[in-house]
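Chains as they are written, first to last, in the numbering used here: chain A, 1192 to 1448; chain B, 113 to 463.
Glycine included, each C-beta is placed from N, C-alpha and C at the ideal position.
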Ligand SMILES: Cc1ncc(C[n+]2csc(CCOP(=O)(O)OP(=O)(O)O)c2C)c(N)n1
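Pasting the structure below:
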């Protein structure tokens, strides 16, 4: 197999670098999965703020369970849904640390709803990156609290019937009602323009913590091409045409702003 | 040394603070309310963090976070709340994080009641959560001993990187006794935690995990735990004996029942029955060996518990048929009087 050359050919300048805080480990995600893009944006924010040596990440239970392998920062792997409580424990024990949790929609908005709501309500000075891919990716594509009405999953084989299983949970809107959080925003990474916007949001969510502003959460409406059974370009389009209807993008709460 | 008059719950809190407790997380439940309140009042004044969580599930996971960050941390609750903490306790054990958990047992199962009971022995000593793990389980029978065992719990938990539990009951929590407390530990004396997440400055990143998808490696992780448990079994078994030298009947009882059993032994002796007592202080590791030794010469080993016979199983494992092993227990928060236990002793000593 020919290897891609890492040598820069004559007359070219290398403009795209691997963020310093990303490790050399290969992603364990499926092709086209948005977890990978979000992971990189976080590393870029850590690099830009120069906080690699005082950041602690919390890996969830879900497709991102191996998150700790991808970064050159300290990490704690939490029980399913408990990341916000674990983050609280770390941050309270050592407020000098920059603490972020990374969670899927099953983790954050189903089994971990209580931990999420109360960390937000306390205005816990942490950063939460919430990847909403509308399914339980890791366990094989079951219904998530965020699954769209009519969407087929392995546990809604005829499509999600809202009469039986309710509606997609818009937890960011719920959290935005609270007095505690500093910043709640919903972004996506399905095209370059949105990736740039998500990058700025993630940077702000980390900067808020450095400035002591309190709980900041960036929701990313993401695609799971494997479980959508779509090639990555179509999965991106699916996000734009379907998921964003239920999960409109934009800032939901900016304290004092 | 400071002499203080304290309830069991307060003595546990004060001893924890003096042990260098940095972060305490709780969710209120009777009968350990005074512990929570004491912490709320005292810990922030003395440089620690008090946080009332939204549930026991959250509280134990906050403990997990604080322990990962490398500080001395604790949570306390009573039976139903301890059930909720089991997931987090299993994670603490798997990730080898030191922490102290206090269970002021009450009547169960379900919501039960708030009276003293010992129905959580199985849960505390045999796992409680999922997976092959043990907690170090310490069972105080007086208020001063509660304070002493809290300090020991922090020490052992740090030394072995195994979570430790104080298993007491509502009666001890409420009881007031004078306590001699040593001065607060010197923070420099608390073991270093090079594995903690403190920011990867000048060292490779630290990672706190309780999983490995590769079976062979998870087996290795488990073997490390098992080796640690064997070491604890070799070094840390603690128990108290009273009047066992010439005993014709041996009572085995722990915690509050161990205390009441002392009165029973004295009364029995007055009536000419040579009763003795073995009171386990560590419920895990359990004092199998001293009980085995005594069962070689004492014909009857009577287990007395505020349960349907949970520790009884361990006593029988220790005795292995060498002596008769009757059981006397009360349920639902009913506490037997010394007189009631004495009549059991008489029945078995003479029968
Ligand atoms: C207590 C508990 N319940 C269930 C599971 C099984 N489980 C693992 S990942 C997961 C769902 C993850 O979905 P999500 O949070 O949406 O993340 P994704 O995998 O889609 O990124 C579940 C249910 C578990 N590990 N622990």
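For residue 390 of chain B and residue 354 of chain B, the rounded distance between their alpha carbons: 7 Å
Proximity of residue 1219 of chain A and residue 1257 of chain A at Cβ, strictly below 9 Å: yes
Members of the stretch 1288 to 1314 of chain A near chain B, C-beta cut-off 9 Å: Identification of residues in the stretch 1288 to 1314 of chain A having a C-beta nearer than 9 Å to some C-beta of chain B yields 1288, 1289, 1290, 1305, 1306, 1308, 1309, 1310, 1312 and 1313, given in sequence order.
Residue 212 of chain B classed as buried or exposed, judged by whether at least 16 other C-beta atoms fall within 10 angstroms: Residue 212 of chain B should be labelled buried.
Beta-carbon proximity of residue 171 of chain B to residue 189 of chain B, cut-off 9 Å: Here residue 171 of chain B is near residue 189 of chain B, since their CB atoms are less than 9 Å apart.
Residue 415 of chain B (DSSP reduced to helix, strand or coil): strand
Proximity test, Cβ basis, 9 Å: residue 1371 of chain A and chain B: no
Chain B within 9 Å of residue 1382 of chain A, Cβ atoms only: For residue 1382 of chain A, the answer is no, since every Cβ of chain B falls outside 9 Å of its Cβ.
Nearest-angstrom Cα separation, counted from residue 1416 of chain A out to residue 1423 of chain A: 6 Å
Rounded C-alpha distance that separates residue 1235 of chain A from residue 209 of chain B: 31 Å
Alpha carbon of residue 1429 of chain A to alpha carbon of residue 1414 of chain A, nearest angstrom: 8 Å
Chain A contact for residue 317 of chain B (CB, 9 Å cutoff): yes
Residue 1260 of chain A vs residue 1274 of chain A beta-carbon contact at 9 Å: no
Heavy atom of ligand 1 within 8 Å of residue 1299 of chain A beta-carbon: yes
Classification of residue 242 of chain B by the beta-carbon crowding that lies within 10 angstroms, buried from 16 upward: exposed
C-alpha gap between residue 1447 of chain A and residue 310 of chain B, whole angstroms: So the alpha carbons of these two residues sit roughly 31 Å apart.
Where residue 327 of chain B falls, given that 16 or more other Cβ within 10 Å makes a residue buried: Residue 327 of chain B is exposed by the Cβ-count criterion.
Chain-ordered residues of the stretch 319 to 339 of chain B with a beta carbon less than 9 Å from chain A: 319, 320, 321, 322, 323 and 325
DSSP-derived helix/strand/coil call for residue 436 of chain B: strand
Short Cβ contact (9 Å threshold) for residue 1435 of chain A with residue 1363 of chain A: no
Contact with chain B by residue 1342 of chain A, beta-carbon distance below 9 Å: It does not; no Cβ of chain B falls within 9 Å.
Local conformation of residue 276 of chain B per DSSP, three classes: strand
Where residue 362 of chain B sits in the DSSP three-state scheme: Reduced to three states, the DSSP call for residue 362 of chain B is strand.
Minimum C-alpha distance to residue 350 of chain B - residue among B/382, B/321 and B/393: Minimum Cα-Cα distance from residue 350 of chain B among the listed residues B/382, B/321 and B/393 corresponds to B/393.
Simplified DSSP state of residue 189 of chain B, which is helix, strand or coil: Of the three classes helix, strand and coil, the one that applies to residue 189 of chain B here is strand, per DSSP.
Residue 203 of chain B: contacting residues in chain A (beta-carbon distance under 7 Å): 1270
Residue closest to residue 182 of chain B, alpha-carbon to alpha-carbon, out of B/135, B/227 and B/216: Ranked by how close their Cα comes to the Cα of residue 182 of chain B, the residues B/135, B/227 and B/216 have B/135 in first place.
beta-carbon residue 1333 of chain A near ligand 3 non-hydrogen atom, thresh 8 Å: Annotation note on ligand 3: not contained in the displayed structure, which lists ligand 1 as its ligands.
Touch test, the stretch 1235 to 1247 of chain A against the stretch 1204 to 1217 of chain A, Cβ-Cβ under 8 Å, three pairs minimum: yes
Check whether residue 198 of chain B and residue 281 of chain B have beta carbons under 9 Å apart: no
Cβ-heavy atom distance, residue 1268 of chain A to ligand 1, below 8 Å: Relative to ligand 1, even the nearest heavy atom lies 8 Å or more away from the CB of residue 1268 of chain A.
Closest by C-alpha distance to residue 1440 of chain A, when choosing among A/1398, A/1421, A/1377 and A/1406: A/1377
Cβ-Cβ separation, residue 1305 of chain A to residue 168 of chain B (assumed contact under 8 Å), whole Å: Between residue 1305 of chain A and residue 168 of chain B the Cβ distance is about 11 Å, and since that is not below 8 Å, they are no contact.
Residue 1370 of chain A burial status per 10 Å Cβ neighbour count (16 or more: buried): exposed
Cut-off 6 Å between Cβ atoms - residues of its own chain near residue 462 of chain B, not counting five sequence neighbours on either side: none
Exposure of residue 294 of chain B, with buried meaning 16 or more beta-carbon neighbours within 10 Å: Classification for residue 294 of chain B: exposed.
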